[in-house]
Structures are given as C-alpha cells and as structure tokens.
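Structure record follows, encoded as structure tokens.
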Amino acid sequence: MMGEYVGQTISLGGTVIETDPLVIEVEHEYGTDEYRIQNAPNAETGQHLQVFATVHSDNILEVHNATIRDSWERIYLYVISLIGTLWVVTRAFNHWRIDTEAVGVVPRQDGDHDA
Numbered sequence: 035m036m037g038e039y040v041g042q043t044i045s046l047g048g049t050v051i052e053t054d055p056l057v058i059e060v061e062h063e064y065g066t067d068e069y070r071i072q073n074a075p076n077a078e079t080g081q082h083l084q085v086f087a088t089v090h091s092d093n094i095l096e097v098h099n100a101t102i103r104d105s106w107e108r109i110y111l112y113v114i115s116l117i118g119t120l121w122v123v124t125r126a127f128n129h130w131r132i133d134t135e136a137v138g139v140v141p142r143q144d145g146d147h148d149a
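Structure (structure tokens):
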C-alpha cells in the first residue's frame, strides 16, 4: 500500500498489535494495514503509536520520532472535553436567553425565567 511513498518521510499513527517485532495496525477508509516499525521505543500491545518515519519497502517504517499513548488517555480526553462542554453550555443558558422577537440571543436580566 505504501509503495509510492518508499524513501519518503511520513507521519502515521496506529495501534500496537505486536511487540517483537513492533507492528502497528492502521485503520483507514479503504481498510486496515499493518506496518513493521524499526527503531521504535518500547511499546505494549494496545497502545497508540504515532510515528514520524521513513517508508521502506514491504510496509517497514524507520522511526525518527515517536509518541506513545495508552488507550485510556483518549477516553480521558473525551470525558474531560464533555465535562467542559457541559459546564460552558450550562453557564450560557444561565446567563443568556433566546429572544424570539429579535431573533437572537440576549443577556438575561433580573426577572427573566424559562417558559
């Protein structure tokens, strides 16, 4: 799949599926590919590995720089983002209201209440 990129430097991320040798699985719109990683840091199965690497033949990537993330880190990111979004939406509804006459959002004033 990477034949046209041989010799080029790319950035690619995937899930570690094997550790000896290190192999990542990359999902894309056309399916799934596996790449053997050379010069990679120690990683465990299930972790996400983002690499900046040179492409060699036979789906081999020679890593120049890599970042490893555990699977829980992505869940943590989404949970914190959801909490922040809910906080912002709650504050917005507490301080603003929809004005149907002006067709817009206006600041709440004392005495405003939800209908």
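Counting with our numbering, you get residues 35 to 149 for the letters of the sequence shown.
Don't be surprised by glycine CBs; every beta carbon is placed ideally from N, CA and C.
Source: prediction; values computed, not measured.
Output the distance between the C-alpha atoms of Val97 and Ala77, rounded to the nearest integer angstrom. 13 Å
Quick check: Val40 and Ile58, are their CB atoms within less than 9 Å of each other? no
Length of the line joining the Cα atoms of Ile34 and Asn93: Residue numbering for the chain in the displayed model covers 35 to 149; residue 34 lies beyond these limits and cannot be assessed.
Helix, strand or coil at Ser91 according to DSSP, with G and I counted as helix: coil
Any chance the segment 63-80 sits against the segment 47-54, with 3 or more Cβ pairs inside 8 Å? yes
Nearest to Gln72 by CA position, among Leu56, Thr66 and Glu107, is which residue? Leu56
Helix, strand or coil at Asn99 [DSSP, three-state]: strand
Terminal residues of the alpha helix (DSSP H) in which Glu61 lies: No alpha helix (DSSP H) holds Glu61; the beta strand (DSSP E) holding it covers Leu56 to His62.
Continuous alpha helix (DSSP H) stretch holding Gly80: start and end: It is not in any alpha helix (DSSP H) - Gly80 carries neither H nor E in the DSSP assignment.
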